[in-house]
Structure formats: structure tokens, C-alpha cells
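**Student:** Structure below; questions to follow.
In our numbering, the protein residues as written are 302 to 666.
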């Protein structure tokens with residue numbers, strides 16, 4: 302193990318020198334012995350040498366946003382050679398396809414374990430229940446969120462109940478103007494959730510805001526959840542402040558409600574900051590320096606002031622993968638970060654209306 306890889310092996314809550322971490326990551330991903338086939342080839346077209354010229358996190362803006370290339374890259378070429386001939390791959394998740402052909406990444410077992418442990422600690426900070434069964438009303442298949450939901454249920458001491466969901470089909474129906482068919486499909490999902498909520502000892506529910514809103518239209522399910530469920534984890538789509546306040550204070554007052562801001566392009570999710578009141582917006586503090594956010598003006602590409610709204614730029618830097626300077630399809634408030642965090646915290650996240658040449662349709666995810 303080299304000094305470069307050892308700092309990348311630290312847990313997500315470790316306090317590390319950001320510049321030392323960044324130098325280690327550049328060495329790992331662009332050294333011919335340890336870097337991935339994708340980045341070693343891609344580096345030839347860069348107008349700089351990452352191992353020499355990327356010294357500060359601000360320098361990551363020099364990288365092109367390469368995530369669109371992940372629609373077609375051979376998955377094996379994304380795995381760093383430093384993992385050896387037989388890397389322990391946890392999965393090859395794909396994006397939701399909201400902005401075109403899905404993108405894909407490769408998640409190695411060590412990163413999945415670190416992300417799961419960090420999220421587990423954050424949920425404990427919220428007082429989220431342990432030793433209860435989970436119902437995951439989420440996309441599965443190639444989508445990362447379903448796999449992490451199962452991991453959380455298992456590590457926190459409960460059984461994991463799941464429901465099939467294809468969010469891409471819902472988006473296609475909405476785009477085609479087939480709203481009746483989309484509603485019928487969602488009704489089908491809610492019916493399956495109802496069967497499990499009535500028949501099983503479900504203590505935690507993880508789902509998306511659009512599906513939570515549909516559940517809230519059924520008085521019997523609202524009563525059942527307030528009686529049986531101790532925690533709701535929501536992710537995968539935006540929830541505005543008024544809806545969050547209504548859920549927390551009137552619809553599900555007996556349930557711990559926690560939001561997660563995640564993306565396939567950061568290989569994980571960020572639970573909201575613990576200790577927020579019902580009158581606060583959800584604020585997300587990423588596990589820097591592994592994951593960092595910045596909020597910029599989409600026209601000038603310069604940071605907006607704290608408290609102002611801008612577009613989210615994400616960086617994922619780990620031993621597993623390097624995904625720098627990714628302009629996401631989300632707008633958010635720029636929030637001053639906690640002491641020691643690299644980059645910004647974000648709040649009040651919502652999608653842009655269009656991204657590239659595509660209309661952004663959230664659907665159910």
C-alpha cells in the first residue's frame with residue numbers, strides 16, 4: 302500500500318488535509334500503475350498534467366465535465382488498475398435517465414462499505430430507528446438508491462422489503478402525455494406498498510417525495526404509518542419547504558422524517574443535517590473531501606453568495622473513482638459549510654427546467 306492510497310482508504314468522517322488528499326487522488330488516478338484505463342487515456346487530451354497541476358480543490362474546475370461520456374464507456378475501463386486483477390465490485394449502477402441515455406459508474410466494495418457506514422452514523426445522529434424492518438418503495442434494478450436502501454436495512458438490524466419500480470417508464474409516459482397511464486402505474490406501486498404495510502411489521506419507510514405525496518392521499522395508509530412506522534427516509538426527487546413542513550407537522554407528526562440528497566455521479570447520498578427544526582429547510586453537508594459541492598451562477602460559472610441560489614457542481618474523489626467538475630441538473634441555495642468542510646453545503650434543492658437539450662421530468666424519481 303502506498304502513502305497515496307492509504308489516505309484514500311480513510312473513512313468518510315476522517316479529518317484529512319484537503320491538499321494532501323487531492324494530491325494522493327491525482328497520483329492514484331493518473332499513475333499508469335494504479336489509474337483506470339479510462340482516465341489514463343482521457344488524460345492525453347487534457348491541457349494540463351493532473352499529477353502536477355491540480356493542487357487545490359478550485360483547480361478541479363479545470364477538468365471537463367466528463368459524465369456524458371459515461372453513457373458509452375466500457376464499465377471495466379472505469380476500474381482503477383490499483384485494485385488488481387480481480388476487483389471486488391459491488392455493482393454497476395446507472396443514472397435515472399432523466400436527461401437522456403443513462404450514465405453508469407462502477408462501485409467497488411470498499412467504497413460501498415464506507416458510504417454505508419457514514420450514512421449509518423448520520424442516521425443515528427437523527428435518532429432514526431434501528432432493529433426495525435424497512436420497506437423500500439424505490440427504484441431497483443440498475444439504480445443505486447435501491448441497493449443502498451437494502452444495505453441500510455441490513456446493517457441497522459432489520460429485514461428489507463422491496464417493490465419493483467421502473468422510473469424510466471413513468472418518465473416516458475409523462476413525456477408522451479399519457480398522464481392517466483402514469484397515474485395507473487403509481488396506483489399499482491401504492492397498492493403493493495399497502496399490502497406490505499398492512500401485513501408486515503414495517504418500522505422504516507424509504508421512498509421518493511412524489512410517492513410519499515400519493516401515499517398521503519390515502520387516509521388509511523397515513524393512519525397506519527403514524528401508528529407503525531418510526532422513520533421515513535426520502536430521496537430521489539425534490540421536496541419543497543412547504544411540503545416538508547406539512548409532512549413533519551401535520552401528516553406524519555409521529556414519524557422521524559429525514560431527507561437524502563444523492564446522485565449516481567457522487568456514488569452515494571447525503572442525509573440532511575441533524576438538528577434542523579420543522580421551520581428550517583433541509584441542509585446537506587457532504588462528506589468532504591471525498592464528495593464536495595459548489596454553487597455557481599450558471600452563466601458566469603462563478604460562486605454565488607451564501608444564501609443565494611445557483612446551480613450545483615459536484616465532485617466525487619475517492620480511490621474508487623474520480624468524477625470532477627460535474628454540473629448537475631439541480632439548483633440550490635448556497636449554505637455556509639460547517640467548520641473543516643471543503644466546499645459548500647446546499648439547501649432547497651430543485652431541478653432545472655431544462656438540462657442540455659432535454660426537458661427535466663422527475664416523475665416518481
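The beta carbon of each residue, even a glycine, is placed where N, CA and C say it ideally should be. Just so we're clear, the structure is a prediction, and the values are computed from it rather than from any experiment.
How many angstroms separate the CA atom of residue 355 from the CA atom of residue 348?
**Tutor:** Along the chain shown, one-based indexing puts residue 355 at 54. Along the chain shown, one-based indexing puts residue 348 at 47. Straight-line Cα distance between these residues: approximately 12 Å.
**Student:** Which of helix, strand or coil does DSSP assign to residue 552?
**Tutor:** Here residue 552 refers to the residue found at position 251 of the chain shown. Three-state result, residue 552: helix.
**Student:** Looking at residue 394: is its Cβ nearer than 8 Å to the Cβ of residue 427?
**Tutor:** Reading the chain shown from its first residue, position 93 is the one you call residue 394. Reading the chain shown from its first residue, position 126 is the one you call residue 427. Taking 8 Å as the Cβ cut-off, residue 394 and residue 427 do not qualify as a contacting pair.
**Student:** Looking at the structure shown, is residue 624 part of a helix, part of a strand, or coil, going by DSSP?
**Tutor:** Indexing the chain shown from 1 puts residue 624 at position 323. In this structure, residue 624 counts as strand in the three-state DSSP scheme.
**Student:** Helix, strand or coil: how does DSSP classify residue 631 here?
**Tutor:** In the chain shown, counting from the first residue as 1, residue 631 sits at position 330. Strand, per DSSP.
**Student:** Looking at the structure shown, is residue 314 part of a helix, part of a strand, or coil, going by DSSP?
**Tutor:** Residue numbering aside, residue 314 sits at position 13 when the chain shown is read from its first letter. In this structure, residue 314 counts as coil in the three-state DSSP scheme.
**Student:** At the level of alpha carbons, what is the spacing between residue 336 and residue 581?
**Tutor:** In the chain shown, the residue the question calls residue 336 occupies position 35. In the chain shown, the residue the question calls residue 581 occupies position 280. The alpha-carbon atoms of residue 336 and residue 581 are separated by roughly 42 Å.
**Student:** Would a C-beta distance cut-off of 8 Å place residue 368 and residue 404 closer than the cut-off?
**Tutor:** Your numbering for residue 368 matches position 67 in the chain shown. Your numbering for residue 404 matches position 103 in the chain shown. It is a contact, given that the beta carbons lie within the stated cut-off.
**Student:** Can you give me the Cβ contacts of residue 340 inside the same chain, cut-off strictly under 7 Å, excluding the 5 residues immediately before and after it?
**Tutor:** Walking along the chain shown from the start, residue 340 turns up at place 39. Here the set comprises 330, 331 and 623.
**Student:** Whole angstroms are fine: how far does the CA of residue 389 sit from the CA of residue 456?
**Tutor:** For this step, residue 456 is matched to residue 155 along the chain shown. For this step, residue 389 is matched to residue 88 along the chain shown. Distance between the alpha carbons of residue 456 and residue 389 is about 19 Å.
**Student:** Less than 7 Å separating the Cβ of residue 463 from some heavy atom of the ligand NAD?
**Tutor:** In the structure on display, the ligand NAD does not appear, and there are no ligands present to speak of.
**Student:** Taking residue 562 as the reference, which of 540, 577 and 549 has the closest Cα?
**Tutor:** Your numbering for residue 562 matches position 261 in the chain shown. Nearest C-alpha to residue 562: 540.
**Student:** What's the C-alpha gap between residue 670 and residue 635?
**Tutor:** There is no way to answer for residue 670, as the model of the chain reaches only from 302 to 666.
**Student:** Just the Cα atoms here: how many angstroms apart are residue 559 and residue 486?
**Tutor:** Numbered from its first residue, the chain shown carries residue 559 at position 258. Numbered from its first residue, the chain shown carries residue 486 at position 185. Residue 559 and residue 486: Cα-Cα distance of roughly 26 Å.
**Student:** Where does residue 365 sit, in a helix, a strand or coil, going by DSSP?
**Tutor:** On the chain shown, residue 365 is found 64 positions in, with the first residue counted as 1. Note: residue 365 maps to coil in three-state DSSP.
**Student:** Quick one: grab the DSSP three-state call for residue 594.
**Tutor:** Translated into the one-based positions of the chain shown, residue 594 becomes position 293. Reduced to three states, the DSSP call for residue 594 is strand.
**Student:** Quick check on DSSP: helix, strand or coil for residue 462?
**Tutor:** Translated into positions along the chain shown, residue 462 becomes position 161. Reduced to three states, the DSSP call for residue 462 is strand.
**Student:** Over the uninterrupted beta strand (DSSP E) stretch that includes residue 562, give me the two end residues.
**Tutor:** Mapped onto the chain shown, residue 562 falls at position 261. 557-564 is the extent of the beta strand (DSSP E) around residue 562.
**Student:** Where do the N-terminal and C-terminal ends of the beta strand (DSSP E) with residue 567 fall, by residue?
**Tutor:** Mapped onto the chain shown, residue 567 falls at position 266. Counting along the chain, residue 567 falls outside any beta strand (DSSP E), and DSSP gives it neither H nor E.
**Student:** By alpha-carbon positions, which one of 344, 649, 571 and 534 ends up nearest to residue 430?
**Tutor:** Within the chain shown, residue 430 is the residue found at index 129, counting from 1. For residue 430, the nearest C-alpha among the options comes from 534.
**Student:** Excluding the five sequence neighbours on either side, which residues of its own chain have a C-beta within less than 6 Å of the C-beta of residue 637, listed in chain order?
**Tutor:** By one-based count along the chain shown, residue 637 stands at place 336. Same-chain partners within the cutoff: 607.
**Student:** With DSSP run on the structure shown, which of helix, strand or coil describes residue 648?
**Tutor:** As a first step, residue 648 must be located in the chain shown, where it is residue number 347. Residue 648 falls in the strand class under three-state DSSP.
**Student:** Starting from the C-beta of residue 435, find all residues in its chain whose C-beta is less than 6 Å away, skip the five residues before and the five after it, and write them out in chain order.
**Tutor:** Residue numbering aside, residue 435 sits at position 134 when the chain shown is read from its first letter. Cβ within range, chain order: 454, 459, 461 and 505.
**Student:** Per DSSP, which residues does residue 612 bridge with? Please list them.
**Tutor:** The residue given as residue 612 occupies position 311 in the chain shown. Residue 612 pairs with 597 and 632.
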